[in-house]
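*Asks:* Numbering (my numbering), first residue to last: 1 to 351.
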Ligand code: SAM
Ligand code: SF4
Ligand code: FES
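Shown next as structure tokens:
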């Protein structure tokens with residue numbers, strides 16, 4: 001029965017909600033072997049064995065929000081806070097560009113210090129200096145006008161994980177001032193403006209059920225994002241979820257393969273969180289159908305301070321070291337790390 005579901009998913013790119021739930025709840029190692037082989041094949045048909053690299057610049061550890069799972073939450077008084085100046089961000093890009101990066105991802109807490117004007121200035125400066133590079137933003141929730149201004153300044157892509165598509169579950173992960181409705185509105189606006197848009201969720205977050213995951217997968221299939229970011233939830237010692245269990249490698253890999261089959265053309269990262277819960281997590285992610293890696297370009301001096309969860313890897317290594325390490329890892333997984341922009345093959349609004 002499971003084998004038939006996997007075959008149906010491969011042939012049609014879809015399953016009903018009941019079938020998805022069954023596939024997930026009854027999964028065995030044997031199922032995963034077939035599913036991941038199938039997902040890898042599908043990924044190969046679309047992208048060959050290419051794995052795209054994105055340079056991550058974690059520009060601020062200040063955050064006005066209080067998501068219960070995140071070490072950067074405003075209530076965490078033990079968090080060490082820092083901000084990178086426009087010049088420091090440009091230096092990261094310069095270093096990254098020399099190493100071959102053609103996508104820069106600006107990610108940070110929701111930090112009001114960075115006005116729209118300042119972000120526009122930073123984005124325009126990057127695009128002017130490196131016209132063949134893409135700029136991806138991961139700045140959290142903003143207004144329609146702000147998203148639009150940043151897009152007009154030259155930003156190409158936006159990552160905003162929906163975190164969970166179940167509003168009750170959303171309420172258990174976030175303080176009451178944050179809502180799934182607003183998160184979803186933001187995602188729709190980003191798409192409408194013309195960004196290559198990414199959603200996603202944490203695997204094994206507290207209170208997540210198989211029904212929540214089915215809702216996440218259904219949302220992903222319907223929304224047709226260009227990118228999907230999933231990684232295991234990992235507890236942080238200074239958050240209310242410090243005693244909660246981390247998500248597993250096994251379920252994350254299983255879901256990566258399902259997402260590859262639901263959206264064959266999607267850009268799907270093998271995340272740092274996956275590499276944190278298992279030493280070969282990122283390699284296994286690639287084997288399961290992922291085709292993006294996001295090494296860190298942030299200055300080594302601030303890396304430990306961008307502490308979303310405990311024991312995050314790559315906090316002591318220079319960008320060049322991580323890149324070489326990842327090149328070896330991608331190769332070991334049968335992939336080839338490529339330097340170019342790696343735009344999505346999924347149609348984008350307005351373009
Ligand atoms: N502030 C922006 C936002 O929330 O969209 C961007 C930065 S936020 C740190 C990026 C992602 O980190 C979140 O979307 C969340 O899924 C992930 N994250 C936060 N805490 C985590 C944890 N404890 N374990 C795994 N992932 C986590
Ligand atoms: Fe802030 Fe993003 Fe962390 Fe939430 S997940 S506390 S918005 S950095
Ligand atoms: Fe950073 Fe291996 S990727 S040290």
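Glycine residues also receive a C-beta, built at the ideal position from the N, C-alpha and C atoms.
None of these values were measured; they are calculated from a predicted model.
Between the C-alpha atoms of residue 113 and residue 199, what's the straight-line distance to the nearest angstrom?
*Replies:* Taking the first residue of the chain shown as 1, we reach residue 113 at position 113. Taking the first residue of the chain shown as 1, we reach residue 199 at position 199. For residue 113 and residue 199, the distance between alpha carbons rounds to 25 Å.
*Asks:* With a threshold of 16 other CB atoms inside 10 Å of the CB of residue 17, please say whether the residue is buried or exposed.
*Replies:* In the chain shown, the residue the question calls residue 17 occupies position 17. So residue 17 counts as exposed.
*Asks:* Under three-state DSSP, which class holds residue 149?
*Replies:* Position 149 of the chain shown, counting from 1, holds the residue named residue 149. It is helical.
*Asks:* Kindly give me the distance between the Cβ atoms of residue 233 and residue 194, rounded to whole angstroms, as I take these residues to be in contact under 8 Å.
*Replies:* Position 233 of the chain shown, counted from the start, is the residue given in the question as residue 233. Position 194 of the chain shown, counted from the start, is the residue given in the question as residue 194. Not really, about 31 Å apart at Cβ, beyond 8 Å.
*Asks:* Give me the residue from 128, 241 and 290 with the minimum Cα distance to residue 228.
*Replies:* Here the question's residue 228 lines up with position 228 in the chain shown. Among 128, 241 and 290, the Cα nearest to that of residue 228 is on 290.
*Asks:* Pull up the DSSP beta-bridge partners for residue 106, would you.
*Replies:* Your numbering for residue 106 matches position 106 in the chain shown. Residue 106 is bridged to 57 and 137.
*Asks:* Determine the burial state of residue 140: buried for a count of at least 16 other Cβ atoms within 10 Å of its Cβ, exposed for fewer.
*Replies:* Along the chain shown, read from residue 1 onward, the residue named residue 140 stands at position 140. By the neighbour-count rule (16 or more Cβ atoms within 10 Å), residue 140 is buried.
*Asks:* Here's a check: name, in chain order, each residue in its chain whose Cβ is nearer than 7 Å to the Cβ of residue 351, leaving out the five neighbours to either side.
*Replies:* Here residue 351 refers to the residue found at position 351 of the chain shown. Because residue 351 sits at a pLDDT of 48, beneath the cut-off of 50, its placement in the model cannot be relied upon, and the following sentence gives the value as read from the coordinates. Result list for residue 351: 194, in chain order.
*Asks:* Could you check the C-alpha separation between residue 226 and residue 343 for me, to the nearest Å?
*Replies:* Taking the first residue of the chain shown as position 1, residue 226 is located at position 226. Taking the first residue of the chain shown as position 1, residue 343 is located at position 343. Approximately 9 Å between the Cα atoms of the pair.
*Asks:* Can you give me the C-alpha to C-alpha distance between residue 307 and residue 333, rounded to a whole angstrom?
*Replies:* Within the chain shown, the letter at position 307 stands for residue 307. Within the chain shown, the letter at position 333 stands for residue 333. Rounded to the nearest angstrom, the two C-alpha atoms are 28 Å apart.
*Asks:* By the DSSP assignment, the alpha helix (DSSP H) with residue 20 in it spans what residues?
*Replies:* In the chain shown, counting from the first residue as 1, residue 20 sits at position 20. First-last of the alpha helix (DSSP H) with residue 20: 17-25.
*Asks:* So the candidates are 295, 32 and 178; which of them puts its Cα closest to the Cα of residue 316?
*Replies:* Taking the first residue of the chain shown as position 1, residue 316 is located at position 316. It is 295 whose Cα lies nearest to the Cα of residue 316.
*Asks:* Check whether the Cβ of residue 313 sits closer than 7 Å to any heavy atom of ligand 3, and report yes or no.
*Replies:* Numbered from 1 along the chain shown, position 313 holds the residue referred to as residue 313. Residue 313: yes, Cβ under 7 Å from ligand 3.
*Asks:* Residues with a Cβ closer than 6 Å to any heavy atom of ligand 2, in chain order?
*Replies:* Here the list is 63, 65, 67, 70, 72, 73, 109, 110 and 140.
*Asks:* Does the beta-carbon of residue 337, which I'm using as the reference point, lie nearer than 7 Å to any heavy atom of ligand 3?
*Replies:* Here residue 337 refers to the residue found at position 337 of the chain shown. False, no ligand heavy atom lies under 7 Å from that Cβ.
*Asks:* Which runs of the alpha helix (DSSP H), 4 residues or longer, sit entirely within the stretch 142-225?
*Replies:* Runs of the alpha helix (DSSP H) inside the stretch 142-225: 144-152, 167-173, 180-193 and 210-223.
*Asks:* To the nearest angstrom, report how far apart residue 29 and residue 83 are at their CA atoms.
*Replies:* Taking the chain shown and counting its residues from 1, one reaches residue 29 at position 29. Taking the chain shown and counting its residues from 1, one reaches residue 83 at position 83. Taking the straight line from one Cα to the other gives about 44 Å.
*Asks:* Please go through the same chain and pick out, in chain order, the residues whose beta-carbon is closer than 6 Å to the beta-carbon of residue 54, but skip the five residues on each side of it.
*Replies:* Looking up residue 54 in the chain shown gives position 54. Contacts found: 103, 105 and 294.
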